[in-house]
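Worksheet for the structure shown next.
Number of protein chains: 2
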Amino acid sequence: MTRTVTILGATGSVGRSTTALLEAAPEGAFAVEALVAGRDAAALAETARRLRARIAVLADPAGLPALREALAGSGIEAAAGPEAVIEAAARPADWTMAAIVGAAGLHPALAALRRGGTLALANKEALVCAGEIFLRAVRDAGATLLPVDSEHNAIFQALDARDPAMVERIILTASGGPFRTASLAEMRAATPEQAVRHPVWSMGAKISIDSATMFNKGLELIEAARLFPVSPDRIEVLVHPQSAVHGLVQYADGSLLAQLGTPDMRTPIAHALAWPNRMRADVARLDLAALGRLEFSAPDPVRFPALRLAREALLAGGGAPTILNAANEVAVARFLSRRLGFLDIARVVEETMERLGTPPVASLDAVIDLDAAARAEAERIASSLHAPA
Amino acid sequence: MTRTVTILGATGSVGRSTTALLEAAPEGAFAVEALVAGRDAAALAETARRLRARIAVLADPAGLPALREALAGSGIEAAAGPEAVIEAAARPADWTMAAIVGAAGLHPALAALRRGGTLALANKEALVCAGEIFLRAVRDAGATLLPVDSEHNAIFQALDARDPAMVERIILTASGGPFRTASLAEMRAATPEQAVRHPVWSMGAKISIDSATMFNKGLELIEAARLFPVSPDRIEVLVHPQSAVHGLVQYADGSLLAQLGTPDMRTPIAHALAWPNRMRADVARLDLAALGRLEFSAPDPVRFPALRLAREALLAGGGAPTILNAANEVAVARFLSRRLGFLDIARVVEETMERLGTPPVASLDAVIDLDAAARAEAERIASSLHAPA
Chain A
289 MTRTVTILGA TGSVGRSTTA LLEAAPEGAF AVEALVAGRD AAALAETARR LRARIAVLAD
349 PAGLPALREA LAGSGIEAAA GPEAVIEAAA RPADWTMAAI VGAAGLHPAL AALRRGGTLA
409 LANKEALVCA GEIFLRAVRD AGATLLPVDS EHNAIFQALD ARDPAMVERI ILTASGGPFR
469 TASLAEMRAA TPEQAVRHPV WSMGAKISID SATMFNKGLE LIEAARLFPV SPDRIEVLVH
529 PQSAVHGLVQ YADGSLLAQL GTPDMRTPIA HALAWPNRMR ADVARLDLAA LGRLEFSAPD
589 PVRFPALRLA REALLAGGGA PTILNAANEV AVARFLSRRL GFLDIARVVE ETMERLGTPP
649 VASLDAVIDL DAAARAEAER IASSLHAPA
Chain B
289 MTRTVTILGA TGSVGRSTTA LLEAAPEGAF AVEALVAGRD AAALAETARR LRARIAVLAD
349 PAGLPALREA LAGSGIEAAA GPEAVIEAAA RPADWTMAAI VGAAGLHPAL AALRRGGTLA
409 LANKEALVCA GEIFLRAVRD AGATLLPVDS EHNAIFQALD ARDPAMVERI ILTASGGPFR
469 TASLAEMRAA TPEQAVRHPV WSMGAKISID SATMFNKGLE LIEAARLFPV SPDRIEVLVH
529 PQSAVHGLVQ YADGSLLAQL GTPDMRTPIA HALAWPNRMR ADVARLDLAA LGRLEFSAPD
589 PVRFPALRLA REALLAGGGA PTILNAANEV AVARFLSRRL GFLDIARVVE ETMERLGTPP
649 VASLDAVIDL DAAARAEAER IASSLHAPA
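Protein chains in written order, with the numbering used here: chain A, 289 to 677; chain B, 289 to 677.
Given below as structure tokens:
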């Protein structure tokens, strides 16, 4: 049966991986309903033509004439602007990829969720900053939420949710980043160039720094607590520099189930696209004999306070995770522009969390307001600290 | 709902692990129908009383008076002899553990299978020597066959059989045994004392030698080909000295699912007992951070010809696996009594297979006859070889 698909964020990295899988899928397996992108009319139109989408929508209204022109004669509808994005997200589709990054992705993802069906979630903020709102929408709409980042998708694959009482622990793996074996003194003096050298994944600067501080794992810990039926104290982080094991689930009978693979986003996206079945993905297969060894160690709480801060934010609830996320983004941007020391990233996050406490966040607009307030506070705190020499 | 359970081989190692799990299970989860043992009337009666079984049966008829006496006043029925064993196996039960070792276990396991329900299979010969007969019985009776050795249970846990076309490979892990890194010259001169030193599992002499030759993995390869919906060329063996990963399944989307755990038979037995749910088992949890590293390598076909011989037996079909298994048992016994060199074990197996070809085996009695003929032939071949110095 043909599955209708909408992609929110069709021209970004996750969106392109999704469209590559759709193009390689057997004829008739998928039909594309809506493709949504930010600004790039040419790329969006080209993708919409290749996938024979019914509608292509740009978030930026200024791009509408270029989009119309690029789609002329294709029979594909064109639209633009924030309202058009929400409308496209709300059009009936069996499966939606929510891959618009940051706060901009929240309203479209929620609109897709509220009309039911399956939402593959690549937008981190949805669960970190607006977790309770999203989970309520899932329940109200009878929708299905599938995680598509490697770690949570791995846990989803290893998790049998039939009887949550039999799940003892969920284990998120972490590469440990470029400072896995560094001393505190080395980390204090770390430059942006040193910090972006991620050992396994090739990523953008922001997420590379999050890997170096392990704030990425802190955010994933918060997401995991939203997604899976286990209490936060049963979610652990395990350092695993080869990043071959993406996640594990410990069961009460002693079984530990794990999902492994090469670092390629197409695997978790393919899993979500075909779920509860599977589909082919043309990714490299993990060759354990060639890899030779997998290493594991416990994360160091002294050098990586991000994990403790994430647990604190999770336990505090309300707006605390939003504050953590916003303060971290501000601190990372300052570190990248050499206006903050590496170890001060966690310090800025912790102080921002302390100052702003745990305000309630009952709506997406409240989340977006708190995000802005936390950014302003984090900027103030960061500017009061000395920049690195 | 209470699940009724019969244990064929209640006083052996697998049987004792099973009864330990039943005793620790919540009141009312299980009710024991029949317990069957070989000769040990006292142990059988004691177990039957503890588990409040309805009937206890000894294979050895001479033990009946002792069993009757030990069960006096308990209300538990007592019986003995091969016919009584078959009758006990055929009594209605939701779940049966088939853990009588060797050829003696074949008829009782088949009797249990034919009355339907779930059969947890610990008897290797059932699938290696009588695979086609057992699989036909599973289909005819609409029964469910669950593997309870660590490797196949691991694969069963990692396998989603919904769409076999999406399963690319099944990977059996092997510890590599005591000669994993030995030279061919060292293996040629190996003594029984050196060969039984298994690095991970504590096992009997026969199975320790099978681990040293990797014939255990060859037999498991044959079992895996019977149990799982993949062709033999898609079943691989991966050497993994820590034996923490018990089995893996490679899917077409790039996902590799694995089951890990400490080496404790109670985990796979608990999995089979509770399947498709799970139950608690008081086994040590695998601590990957404490273990530190997992190693993997491809098996060496020169030093370990057992894997090739098993593949050849599997492809030949008919009685070839029976011949391989019988010849191996003879050769191992001779090696243990210093009447055969270590490397000659595989040589005896290969020559026996060459001489006897691929006779058809249409019934359990034909299997048992061929087993005897192969043993005799293997003895002749082995005695024609020089004993080690």
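Ideal Cβ positions, reconstructed from N, Cα and C, are used throughout, including at glycine.
> By the 10 Å Cβ neighbour count, where 16 or more other Cβ atoms means buried, how is T640/A classified, buried or exposed?
Replying inline: Taking the first residue of the first sequence as position 1, residue 640/A is located at position 352. Buried.
>> So, for G605/A: in the same chain, excluding its five sequence neighbours on each side, which residues have a beta-carbon less than 7 Å away from its beta-carbon?
In response: As a working note, residue 605/A is residue 317 in the first sequence. So the qualifying residues of the chain are T646.
>> For chain B, check one thing: does any of its Cβ atoms lie closer than 7 Å to the Cβ of A546/A?
In response: Position 258 of the first sequence holds residue 546/A. Yes, A546/A counts as interfacial toward chain B.
> With contact counted as at least three CB pairs below 8 Å, one residue from each stretch, are the stretch 350-365 of chain A and the stretch 384-394 of chain A in contact?
Replying inline: Fewer than three pairs of CB atoms, one per stretch, sit closer than 8 Å, so the stretch 350-365 of chain A makes no contact with the stretch 384-394 of chain A.
>> Distance check for V525/B and A586/B, CA to CA, integer angstroms please.
In response: The residue labelled residue 586/B in the question sits at position 298 within the second sequence. The residue labelled residue 525/B in the question sits at position 237 within the second sequence. Their backbone Cα atoms lie some 7 Å apart in a straight line.
> What three-state label does DSSP hand F253/A in the structure shown?
Replying inline: Nothing about residue 253/A can be reported from this structure: the residues present for chain A run from 289 to 677 only.
>> Give me, in chain order, the residues of the same chain whose beta-carbon lies closer than 8 Å to that of L339/A; leave out the 5 immediate sequence neighbours on both sides.
In response: By 1-based counting over the first sequence, the position of residue 339/A is 51. The answer, listed in chain order, is T307, L310, E311, V320 and L323.
>> Since V373/A and V345/A should fall inside the 8 Å C-beta cutoff, what is the C-beta to C-beta distance between them, to a whole number of angstroms?
In response: Counted from its first residue, the first sequence places residue 373/A at position 85. Counted from its first residue, the first sequence places residue 345/A at position 57. Indeed, because the Cβ distance is near 6 Å, the residues count as touching under 8 Å.
>> For a cutoff of 7 Å on Cβ pairs, would you count S651/B as touching chain C?
In response: Of the protein chains in the structure, A and B, none is chain C.
> Quick one, are the C-beta atoms of L296/B and A381/B less than 7 Å apart?
Replying inline: Taking the first residue of the second sequence as 1, we reach residue 296/B at position 8. Taking the first residue of the second sequence as 1, we reach residue 381/B at position 93. Contact flag unset, no.
> On the three-state DSSP scale, how would you describe P452/A?
Replying inline: Position 164 of the first sequence, counted from the start, is the residue given in the question as residue 452/A. Reduced to three states, the DSSP call for P452/A is helix.
> Is the Cβ-Cβ distance between F584/B and L548/A less than 7 Å?
Replying inline: Here residue 584/B is taken as the residue at index 296 of the second sequence, counted from 1. Here residue 548/A is taken as the residue at index 260 of the first sequence, counted from 1. For F584/B and L548/A, no; Cβs fall outside 7 Å.
> Helix, strand or coil: which one does DSSP assign to I388/A?
Replying inline: Mapped onto the first sequence, residue 388/A falls at position 100. In the structure shown, I388/A falls within a coil segment according to DSSP collapsed to helix, strand and coil.
> Do we get a CB-CB distance below 7 Å when we pair A677/B with the residues of chain A?
Replying inline: Here residue 677/B refers to the residue found at position 389 of the second sequence. Below a pLDDT of 50, predicted positions are generally treated as unreliable, and A677/B, at 49, falls in that range; the measurement from the model is reported next regardless. Chain A contact via Cβ: absent.
> Can you tell me the Cα-Cα spacing of V618/A and V655/A, whole angstroms?
Replying inline: By one-based count along the first sequence, residue 618/A stands at place 330. By one-based count along the first sequence, residue 655/A stands at place 367. If I take the Cα positions, the gap works out to 16 Å.
> Can the beta-carbon of L515/A be found less than 7 Å from the beta-carbon of H440/A?
Replying inline: Walking along the first sequence from the start, residue 515/A turns up at place 227. Walking along the first sequence from the start, residue 440/A turns up at place 152. In contact: L515/A and H440/A (Cβ atoms closer than 7 Å).
>> Determine, for T610/A, whether the minimum Cβ-Cβ distance to residues of chain B falls below 7 Å.
In response: To locate residue 610/A, count along the first sequence from 1; it is residue 322. So, not an interface residue.
>> Whole angstroms are fine: how far does the CA of L401/A sit from the CA of R342/B?
In response: Position 54 of the second sequence, counted from the start, is the residue given in the question as residue 342/B. Position 113 of the first sequence, counted from the start, is the residue given in the question as residue 401/A. Roughly 55 Å separates the two Cα atoms.
> If we cut at 7 Å on Cβ distances, does V636/A have a partner in chain B?
Replying inline: Residue 636/A sits at position 348 when you count from the first residue of the first sequence. V636/A has a beta carbon lying at 7 Å or more from every beta carbon in chain B.
> What's the call for E665/B, buried or exposed, on a 16-neighbour Cβ count within 10 Å?
Replying inline: Position 377 of the second sequence, counted from the first residue, corresponds to residue 665/B. Label assigned to E665/B: buried.
> Taking three-plus beta-carbon pairs below 8 Å as touching, is the stretch 622-642 of chain B in contact with the stretch 419-429 of chain B?
Replying inline: Flag = no, the stretch 622-642 of chain B and the stretch 419-429 of chain B do not touch.
> So which residues on chain A does S362/B lean against when the C-beta distance must stay under 7 Å?
Replying inline: Within the second sequence, the letter at position 74 stands for residue 362/B. Below the 7 Å Cβ cutoff, chain A contributes no neighbours of S362/B, its closest Cβ being approximately 31 Å away.
> Does any CB atom of chain A fall closer than 7 Å to the CB of A312/B?
Replying inline: Start at 1 with the first residue of the second sequence, and residue 312/B comes out as number 24. Not one chain A Cβ lies under 7 Å of A312/B.
> So which residues on chain B does E321/A lean against when the C-beta distance must stay under 9 Å?
Replying inline: On the first sequence, residue 321/A is found 33 positions in, with the first residue counted as 1. Near E321/A there are no residues of chain B at all, since even the closest Cβ is about 23 Å away, more than 9 Å.
> What does a CB cutoff of less than 6 Å around D552/B pick up in its chain, not counting 5 residues either side in sequence?
Replying inline: For this step, residue 552/B is matched to residue 264 along the second sequence. For D552/B, where only same-chain residues beyond five positions count, the Cβ hits under 6 Å are V571.
> A378/B touches chain A at which residues, Cβ-Cβ below 8 Å?
Replying inline: Numbered from 1 along the second sequence, position 90 holds the residue referred to as residue 378/B. Chain A residues near A378/B: none, gap ~29 Å exceeds 8 Å.
> What are the complete alpha helix (DSSP H) segments, minimum 4 residues, inside the stretch 531-601 of chain A?
Replying inline: 554-562 and 576-579
>> Excluding the 5 residues flanking C417/B on each side, which residues of the same chain have their C-beta closer than 7 Å to its C-beta?
In response: Taking the first residue of the second sequence as 1, we reach residue 417/B at position 129. These residues qualify, in order along the chain: P609, T610, N613, V655 and D659.
> Can the beta-carbon of D541/A be found less than 7 Å from the beta-carbon of A558/B?
Replying inline: One-based indexing of the first sequence puts residue 541/A at position 253. One-based indexing of the second sequence puts residue 558/B at position 270. Yes, they are a contact pair.
>> Is there a Cβ of chain B sitting closer than 7 Å to that of N268/A, yes or no?
In response: Any property of residue 268/A remains undetermined from this structure, which presents chain A solely from 289 to 677.
>> Going by the DSSP bridge assignment, what does P435/B pair with across the sheet?
In response: Numbered from 1 along the second sequence, position 147 holds the residue referred to as residue 435/B. In the DSSP assignment, P435/B forms a beta bridge with L409/B.
>> Suppose you measure from the CA of R599/B to the CA of P564/B; what does that come to, to the nearest Å?
In response: Taking the second sequence and counting its residues from 1, one reaches residue 599/B at position 311. Taking the second sequence and counting its residues from 1, one reaches residue 564/B at position 276. Each residue's Cα considered, the two are about 31 Å apart.
> Going straight from the alpha carbon of P556/B to that of P370/B, what length do you get?
Replying inline: Translated into the one-based positions of the second sequence, residue 556/B becomes position 268. Translated into the one-based positions of the second sequence, residue 370/B becomes position 82. One C-alpha to the other measures close to 28 Å.
> In three-state DSSP terms, what is T306/B?
Replying inline: For the purposes of this step, residue 306/B is identified with residue 18 of the second sequence, where counting begins at 1. If DSSP states are grouped into helix, strand and coil, T306/B belongs with the helices.
> Can A446/A and A546/A be called in contact, C-beta distance under 7 Å?
Replying inline: Translated into the one-based positions of the first sequence, residue 446/A becomes position 158. Translated into the one-based positions of the first sequence, residue 546/A becomes position 258. For A446/A and A546/A, yes; Cβs fall inside 7 Å.
> Between the stretch 568-601 of chain B and chain A, which residues of the former have CB atoms less than 8 Å from a CB of the latter, in chain order?
Replying inline: R568, A569, V571, A572, R573, L574, L576, A577, L579, G580, R581, L582, E583, F584, S585 and A586
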